[in-house]
Amino acid sequence: MLLEFVFIGRGGQGLYTAAELLVKAVIMDGYYAQGIPFFGAERRGAVTYSYLRISDNKIARHDKVLYADGIIIGDGSPEALRLASLYRLKENGKVLVNIDRLNIRELSSKTSETNVYAVGADSLAREEGLVISGWPVIGPVMAGSFSRVFGLPRIDSLVEAARSIVGEQSPLLLKNIRLITRGYNEVRMIRYEYQRV
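Residue 90 in numbering that gives the first Met the number 0 is what sits at position 91 of the sequence shown, and the numbering runs on without skipping anything.
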């Protein structure tokens, strides 16, 4: 088994941190995993993307993902959706999107039916007070939703990974745990036509 994912969002949303959290949790569950950031000096707000691979064997590849089992979109702007359309989904692939940033008009002209899962990540992060410099940090929400949509890692492993990464003494730990749990519980399936190149 080799599962490959693409994360597309804005700098400062915490999507690469979500991928790191998922890597740690998946390893706790007994799998191999790697997270690969693909950005440079982008500032907060610039479009960024990163990759996640999960396998039951060692992963020798360290290149970009071209055919994904899932695409995780933290920002539904035309620019981010255009970037997402450059990746091809494998058969039965899924898209997980932050519905708070989803531009429905951009999705109306899509050509290939795909299972899409949505969660209001911005709203949840704001409700829990996980906001930095005015930007909601959606990484924990998207990691929890990822666990529900793709069936791994276990939610308990995600919480343990958050404890390890955020730190037991951090005042942000409880917010992260609540957001992981809410992301897991509040993600919903929708359908739209996903454009493939």
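Note that the Cβ used here is the ideal one computed from N, Cα and C, for glycine as well.
This structure is a prediction, so every number in the text was calculated from the model and none was measured.
The beta carbons of Arg-187 and Ala-120 sit no closer together than 8 Å.
The three-state reading of DSSP puts Met-0 in coil, since its state is none of H, G, I, E or B. A Cβ-Cβ contact shorter than 8 Å links Arg-52 with Gln-33. Scanning the region 157-186 from its first residue to its last, the whole alpha helix (DSSP H) runs of 4-plus residues come out as 172-185. Within the DSSP bridge table, the entry for Arg-125 names no partner. Put simply, the backbone Cα of Val-96 is about 31 Å away from that of Gln-168.
Comparing C-alpha distances from Val-94 to each of Phe-149, Glu-126, Glu-78 and Thr-180 shows the shortest one belongs to Phe-149. Counting along the chain, Phe-149 sits inside the alpha helix (DSSP H) bounded by residues 138-149.
About 14 Å separates the Cβ atoms of Ala-124 and Leu-20, ruling out a contact at the 8 Å cut-off. According to the DSSP secondary-structure assignment, Gly-8 is paired through a beta bridge with Thr-47. Going by beta carbons, Ser-76 and Phe-6 fall outside the 8 Å limit. Taking Gly-166 as the centre and dropping the five residues before and after it, the same chain places the C-beta of Leu-172 closer than 7 Å to its C-beta, in chain order. In the three-state reduction of the DSSP assignment, Tyr-86 falls in the coil class, being assigned neither a helical nor a strand state. Collapsing the DSSP output to three states places Arg-52 in a strand. In the structure shown, Val-64 falls within a coil segment according to DSSP collapsed to helix, strand and coil. Residue range 31-37 is occupied by the beta strand (DSSP E) that includes Ile-35. By the neighbour-count criterion, in which 16 or more other beta carbons inside 10 Å mark a residue as buried, Tyr-66 falls on the exposed side. Residue Asn-114 holds the alpha-carbon nearest to the alpha-carbon of Ile-189 among Gly-69, Asn-114 and Ala-83. Taking 8 Å as the cut-off, the Cβ atoms of Ala-142 and Gly-92 do not count as close.
Note on Ile-137: 16 or more other CB atoms within 10 angstroms of its CB, so buried under the neighbour-count rule. When secondary structure is reduced to three states using DSSP, Ile-58 falls in the coil class, being assigned neither helix nor strand.
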